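Enquirer: I am attaching a structure below and will ask some questions about it afterwards.
In the working numbering, the protein residues as written are 1 to 160.
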């Protein structure tokens, strides 16, 4: 059976705009044997997803095994499935802890801007992080591979 639908790929501009509009995604990790997904708040700028991760837990066990990750951001309207519309973006990349002081400062400024916080709101966190940047809770995923799809009023046809 063949199917045809009105789902369309998102352009680079649409992907960029979508990632700037949303606030939560799912970080997917693997340890080579199983997968683990974590819903997380994120911030985004210039082809990079930024997240913060606490220093312990199952996620860190997975990260020790593999830094290759995917990050999924999706949207469905409140009236779904009545509207039959949705968008999603999947990012693939390598998760890297941010330890460089200048890069940490830049990430914090990006976080404040992305979350609509007054400049300086995260100065205390930045100050504490800069005392021991090797144990930073700030991580980044440069967008190595990214794709997105979306649909408005989903339609599907079936053929034999």
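Glycine included, every Cβ here is placed at the ideal spot set by N, Cα and C. Remember, predicted model here, so these are calculated numbers, not experimental data.
1. Taking 9 Å as the threshold (C-beta atoms), are residue 139 and residue 98 in contact?
2. On the premise that residue 38 lies in contact with residue 26, defined as a C-beta separation below 8 Å, what is that separation, rounded to the nearest angstrom?
3. Nearest-angstrom Cα distance between residue 115 and residue 146?
4. To the nearest angstrom, how far is it from the Cα of residue 20 to the Cα of residue 43?
5. Enumerate, from N- to C-terminal direction, the unbroken alpha helix (DSSP H) stretches of 4 or more residues contained entirely within the stretch 20 to 71.
6. Who pairs with residue 110 in a beta bridge, going by DSSP?
7. Under 9 Å, do residue 142 and residue 72 count as touching if we go by C-beta distance?
8. Can you grab the Cα-Cα spacing for the pair residue 126 / residue 158, in whole Å?
9. Given a cut-off of 9 Å, decide if residue 59 and residue 92 are closer than it, judged by their beta-carbon atoms.
10. Taking residue 13 as the reference, give the member of 56, 78, 112, 47 with the closest Cα.
11. Which one of 32, 41, 111 has the shortest CA to CA distance from residue 168?
12. When the Cα atoms are used, what is the spatial distance from residue 30 to residue 40?
13. Do residue 151 and residue 85 have their C-beta atoms within less than 9 Å of each other?
14. If we count the other Cβ atoms within 10 Å of its Cβ and call it buried at 16 or more, is residue 129 buried or exposed?
15. Is the beta carbon of residue 81 closer than 9 Å to that of residue 133?
16. Could you check where the beta strand (DSSP E) with residue 140 kicks off and where it finishes?
Expert: Put simply:
1. yes
2. 7 Å
3. 23 Å
4. 8 Å
5. 58 to 65
6. For residue 110, which the question treats as bridged, DSSP gives no partner whatsoever.
7. no
8. When rounded, the separation of the alpha-carbon atoms in residue 126 and residue 158 is 55 Å.
9. no
10. The option with the nearest alpha carbon to residue 13 is 47.
11. Residue numbering for the chain in the displayed model covers 1 to 160; residue 168 lies beyond these limits and cannot be assessed.
12. For residue 30 and residue 40, the distance between alpha carbons rounds to 16 Å.
13. Yes, they are a contact pair.
14. buried
15. no
16. Element bounds for residue 140: 138 to 142.
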